[in-house]
DNA sequence: CGTGTGACGCGGG
DNA sequence: CCCCGCGCCACAC
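In my numbering, the protein residues as written are 977 to 1082.
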């Protein structure tokens, strides 16, 4: 496994229960703010094998990128099971549920 | 080494 | 705010 891939996996494992993190933020914390798409690739390749909490990764809009019938409902179900709420538009309040390493500094 | 991938992010209309 | 188009980048082949 490549170093960056390992870092991404590490970051995803750090996302706490009841919180979410955007693909871009995961990439940023892993060392490459421009490698958001890489996070997608890592989830595809190692999400299941590494038992990653893939459902805690959402897009920067606070919505789920997965489509209905293709994982959307499972992700939403898992997030709601952690107490995360969706509004009528299917969006998550990132100011309330978003997680970032920077929060540990203040 | 070149080409394709992919659950993205941002800017403009 | 929503929708569309383009750029982005590590990895697999």
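Glycine is no exception: its CB is placed at the ideal position from the N, C-alpha and C atoms.
Keep in mind it's a predicted model, so treat the numbers as computed, not measured.
DSSP three-state assignment for residue i, whether helix, strand or coil
| i | result |
| --- | --- |
| residue 998 | strand |
| residue 1042 | coil |
| residue 1075 | coil |
| residue 1010 | coil |
For residue i: DSSP bridge partner residues
| i | result |
| --- | --- |
| residue 1033 | 997 |
| residue 980 | According to DSSP, which records beta bridges pairwise, residue 980 is partnered with nothing at all. |
| residue 1068 | 1062 |
| residue 1023 | Bridge partners of residue 1023: none, in fact. |
Candidates the options, of which the one nearest residue i by Cα
| i | options | result |
| --- | --- | --- |
| residue 1017 | 980, 993 and 1060 | 980 |
| residue 1033 | 1011, 997, 1053 and 1001 | 997 |
| residue 992 | 1063, 1059, 1064 and 1065 | 1059 |
| residue 995 | 1009, 1038 and 1050 | 1038 |
Buried or exposed (CB count within 10 angstroms, at least 16 for buried), residue i
| i | result |
| --- | --- |
| residue 1036 | exposed |
| residue 1014 | buried |
| residue 1063 | exposed |
task = Evaluate the contact criterion for the stretch 1010-1023 versus the stretch 1043-1058: three or more CB pairs, one atom per stretch, below 8 Å.
result = No: the two stretches stay apart, fewer than three of their Cβ pairs being nearer than 8 Å.
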